[in-house]
Amino acid sequence: MGGVSIWHWIVVGVIVMLLFGRGKVSELMGDVAKGIKSFKKGMAEDDTPPPPAQQPADPKVIDQTAQTASPQPAKAETKA
Numbered sequence: 001m002g003g004v005s006i007w008h009w010i011v012v013g014v015i016v017m018l019l020f021g022r023g024k025v026s027e028l029m030g031d032v033a034k035g036i037k038s039f040k041k042g043m044a045e046d047d048t049p050p051p052p053a054q055q056p057a058d059p060k061v062i063d064q065t066a067q068t069a070s071p072q073p074a075k076a077e078t079k080a
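In case it helps, the UniProt record's numbering puts the sequence shown at residues 1 to 80.
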């Protein structure tokens, strides 16, 4: 008593098949299989390393000689 034998599982399986029908059970199992496959695919995609970041070939050089070539002296304002 209290143990679950093979006959208990057979009776439960027959009741489930009568209630839901063969089509619903096979459709449900197909959906479960699709979910497992997509989970495995997602886990496999996480294992691949991301591609390395691309660095620019030539760094930009800012020419500051044109800005500092002719400095203007500051004019002092005087009030008369």
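Beta carbons are placed, not taken as given, at the ideal position from N, Cα and C, and that holds for glycine.
Rounding to the nearest angstrom, what Cα-Cα distance links residue i and residue j in this structure?
i: I6; j: A53; result: 59 Å
i: V4; j: V12; result: 11 Å
i: V16; j: A33; result: 19 Å
i: W9; j: K41; result: 33 Å
i: F39; j: E45; result: 10 Å
i: Q64; j: D58; result: 18 Å
Does DSSP put residue i in a helix, a strand or coil?
i: S5; result: coil
i: V25; result: helix
i: I62; result: coil
i: A53; result: coil
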